[in-house]
Amino acid sequence: MAKQCKYSCDTAAETLEWIKAIADFIKPFSFLINAHVVNFFKDRLWEAVDEDWLQCLINESVESLLLIPSGIVQDHWPTSLKEFVLTLKSLVYPREQADLKKVFPNFQPTSLNSVLAQGMNLKKKHEVEVLSAIVSSAASAMRADAVIDVGAGQGYLAQVLAFEHQLSVVAIDACSHHGKVTNARAERIKKHYMAQMRKFGSGNQRLNVPQTITCNIMSLETLKSLTTMSSHKGDVEQPKPIEQDLELGLAGRGSSLVLAGLHACGDLSVTMLKTLLECEEVRAVISIGCCYNLLSEEGFTNAQIQYGFPMSCGVKSVNLSLGKSSRDLACQSAERWKSLGKDAGLHNFELHAFRAAFQMVLHKYFPEVGTSPSIGRQGKALRRKQQRKIIESELQAEESTYSDLPQMACNMDEACSVTHSGESEAVNTSGIRSDVDALFTKMSLHTGSTCERTTSTDKYSLFEKFCQSGLCRLGLKPSDNINFHGIWKGVEPYVSLIGIYWSLRAAFGPLLETLILLDRLLFLQEQGDVLESVMLPIFDPAISPRNVAIIAKKPDAGISSHHSSR
1 MAKQCKYSCD TAAETLEWIK AIADFIKPFS FLINAHVVNF FKDRLWEAVD EDWLQCLINE
61 SVESLLLIPS GIVQDHWPTS LKEFVLTLKS LVYPREQADL KKVFPNFQPT SLNSVLAQGM
121 NLKKKHEVEV LSAIVSSAAS AMRADAVIDV GAGQGYLAQV LAFEHQLSVV AIDACSHHGK
181 VTNARAERIK KHYMAQMRKF GSGNQRLNVP QTITCNIMSL ETLKSLTTMS SHKGDVEQPK
241 PIEQDLELGL AGRGSSLVLA GLHACGDLSV TMLKTLLECE EVRAVISIGC CYNLLSEEGF
301 TNAQIQYGFP MSCGVKSVNL SLGKSSRDLA CQSAERWKSL GKDAGLHNFE LHAFRAAFQM
361 VLHKYFPEVG TSPSIGRQGK ALRRKQQRKI IESELQAEES TYSDLPQMAC NMDEACSVTH
421 SGESEAVNTS GIRSDVDALF TKMSLHTGST CERTTSTDKY SLFEKFCQSG LCRLGLKPSD
481 NINFHGIWKG VEPYVSLIGI YWSLRAAFGP LLETLILLDR LLFLQEQGDV LESVMLPIFD
541 PAISPRNVAI IAKKPDAGIS SHHSSR
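Residue numbers (full-length UniProt numbering): 1 to 566.
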């Protein structure tokens, strides 16, 4: 059961209609969107949620809760709950990967060789392969002199564009370390390509080596200045990277440039779109945004000339504001929620419960600390440390098989909530890490009711350690007068509600992201015939959930503007 998106963003009028529909839908749920979940117990946030919804969802499996942000409902749910989830889903911009060969002329994605792909995980490799092919197609269609990779990071996209697609590329990033890594990596890649050229008798061929600029792009004017540079081919014998001294790159005008940004953070994606409008040299922009929590917003940040949200006159006319909590929420991905699985989902819900209960400790014993101080990732680090400590002791006791896993799991503090973390942590015992990972996988199959009966004591033990760690992180000295046990007992009856609350709240993440993206698209559409623009999901959402690109060009730039209606 699902409602298909009935809205389109082909024209400014259609985009504004979609935005207004989102605004009308979210207004009654501001209590959920703007909530700060660390105050879940302190402010009894669950009391604002429909009681019928809570009574229904309290009996749902973790797997069903994790599917709510994807718009998936169960037949036995109350009608009002099903209508809420399905209507919300119908307002979200669809994420199925577009048929890119129909959109871009000469779109020819290629699988990266091992040299270019070195250091990339599966997600990054997929993103770079797809985006580099799109940028190459665009640059070819408009006969661009150069591509500027904005927020280039370690230069993955820039290097593929330069070495594989033979484009002149300038990589801009705020981090000087990233610039050094980009240059060092480019040197290694260059040696590989030079060896290949000598092997096949094309040693006189020139290679494009990305230039690098280290610069914190804090304003539109900065990026406009950088884009006035003329393109020049990197010489295979004497590549000339540019770092810090921007004057080296500001000679000459009349270039035809493409701006590309792979997950350019916060206001940087906004600045790219404005640069297209205000800088003559820039003929096209291909931008995939992220980190909406870092967006500046009118009325919520220090007074400044430019804000990241809202961009369009249409959104300003609707008089809709987001705020910090909403922008944080826009970063939530339905695809990632769906992929968590039972154990990781339980683990995440427990951490939210620990943090909200810890807030009760701060509120009662350390009121001077403030409303919601950041304590970092102490909960996750604590959980990983305890998991490995217990598992290592089991392995060192010479457990030769996994045949007794169900009983063994019930004796382990973390058995009911195993998480598969991508973050590595050093393990002293030689060779134990692979055994630990294997044990994590096998244990996830054995989380039965016997084990669940032991979790109350285990959870309190973890909560107390979480609090001790959090207090240390805040520079606070734990006192013997703190009644951790009393606070945990007070909130324990409501711990199971936090997963429900978070799942309902997370469902707004894709919708708020849709709103932010539509605002950017509408800003471009409001320019009339000056620009042609399209919004398109270019990555496989199962691999890269943040997959929507905003692509805009000046009418004579030669890029196809065809796209399907939404």
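All C-beta atoms, glycine included, are put in the ideal place defined by N, C-alpha and C.
Keep in mind it's a predicted model, so treat the numbers as computed, not measured.
Coarse secondary structure for Val103, derived from DSSP in three states: Val103: helix per DSSP, three-state reduction.
Chain-order list of residues whose beta-carbon lies under 6 angstroms from that of Pro310 (same chain, five-residue window excluded): Cβ within range, chain order: Lys316, Asp519.
Residue span of the beta strand (DSSP E) that contains Thr214, given as start and end: Bounds of the beta strand (DSSP E) holding Thr214 are 211-214.
Under 8 angstroms between C-beta atoms of Ala552 and Leu273: At a Cβ-Cβ threshold of 8 angstroms, Ala552 and Leu273 count as neighbours.
His178, buried or exposed, once every other Cβ within 10 Å from all chains shown has been counted against 16: The residue is buried, with at least 16 neighbouring Cβ atoms inside 10 Å.
Whole-Å CB distance - Phe41 paired with Ala506, under 8 angstroms assumed: Not really, about 19 angstroms apart at Cβ, beyond 8 angstroms.
Through-space distance from Asp75 to Ser503, alpha-carbon basis: Each residue's Cα considered, the two are about 18 angstroms apart.
Beta-bridge partners of Lys553, as assigned by DSSP: By DSSP's assignment, Lys553 forms a beta bridge with Ala284, Glu532.
Residues of its chain near His363, where Cβ-Cβ distance is below 8 angstroms and the 5 sequence neighbours each way are ignored: Taking C-beta separations shorter than 8 angstroms and ignoring five residues to either side along the sequence, the partners of His363 in its chain run Lys42, following chain order.
Residue burial classification, Glu513 (beta-carbon count within 10 angstroms, cutoff 16): Buried, because 16 or more other Cβ atoms sit within 10 Å of the Cβ of Glu513.
Pair within 8 angstroms by beta-carbon distance, Ala353 and Val534: No, the Cβ-Cβ distance between Ala353 and Val534 is not below 8 angstroms.
Range covered by the beta strand (DSSP E) that runs through His352: Unbroken run through His352 is the alpha helix (DSSP H), 341-365; no beta strand (DSSP E).
Presumed contact (8 angstroms Cβ cut-off) between Ile134 and Ser325, rounded CB distance: Not a contact, Cβ separation roughly 34 angstroms.
Distance between Leu277 and Asp343 (C-alpha atoms, nearest Å): Straight across, the Cα-Cα distance linking Asp343 with Leu277 is about 48 angstroms.
Cβ contact (3+ pairs, closer than 8 angstroms) linking the segment 291-302 and the segment 152-172: Result no; under three Cβ-Cβ pairs closer than 8 angstroms.
Segment contact flag, the segment 529-545 with the segment 41-60, C-beta cutoff 8 angstroms, min 3 pairs: Taking 8 angstroms as the limit for Cβ pairs, the verdict is that the segment 41-60 does not touch the segment 529-545.
Sub-8 angstroms separation of Leu167 and Asn208 beta-carbons: Leu167 is a Cβ neighbour of Asn208, given a cutoff of 8 angstroms.
Boundaries (first-last residue) of the alpha helix (DSSP H) holding Ile487: Counting along the chain, the alpha helix (DSSP H) containing Ile487 begins and ends at 484-491.
Of the residues Cys175, Leu67, Asp480, the one placed nearest Glu335, counting alpha carbons only: Minimum Cα distance to Glu335 is reached at Leu67.
Inter-residue spacing [alpha-carbon to alpha-carbon] between Glu280 and Ser176: So the alpha carbons of these two residues sit roughly 28 angstroms apart.
Where Ser312 falls, given that 16 or more other Cβ within 10 Å makes a residue buried: Ser312 comes out buried.
Residue from Lys554, Gly308, Leu536, Phe508 whose Cα sits closest to the Cα of Phe29: If we check each option's Cα against that of Phe29, Phe508 comes out closest.
Nearest candidate by alpha-carbon position, reference Glu129, set Ala144, Lys477, Tyr156: Glu129 has its Cα closest to that of Tyr156, out of Ala144, Lys477, Tyr156.
Burial state of Asn348 (16 or more Cβ within 10 Å): Asn348 comes out buried.
Identity of the residues DSSP links to Phe309 by a beta bridge: Beta-bridge partners assigned by DSSP to Phe309: Glu297.
Reduced DSSP secondary structure (H/G/I, E/B, other) of Cys265: The answer is strand: DSSP assigns Cys265 an E or B state.
Test item: CB-CB of Ser287 and Ile550 under 8 angstroms: Yes. Within cutoff.
Assigned exposure category for Lys101 - 16 Cβ within 10 Å defines buried: Taking all protein chains in view, the Cβ of Lys101 is surrounded by fewer than 16 other Cβ atoms within 10 Å, so the residue is classified as exposed.
Spatial neighbours of Ser269 in its chain, beta-carbon cut-off 7 angstroms, leaving aside the 5 residues before and after: Result list for Ser269: Gly261, Ser287, Gly289, in chain order.
Strand pairing of Ile19, partner residues [DSSP]: DSSP lists no partner for Ile19.
Reference residue 568; option with closest CA among Pro210, Val170, Arg198: What is shown of the chain runs 1 to 566, which leaves residue 568 out entirely.
Endpoints, beta strand (DSSP E) assigned at Ala146: Taken as a continuous stretch (DSSP letters only), the beta strand (DSSP E) holding Ala146 covers 146-150.
beta-carbon Ala334 near the ligand COA non-hydrogen atom, thresh 7 angstroms: Absence of the ligand COA from the depicted structure is noted, as is the absence of any ligand whatsoever, leaving it without description.
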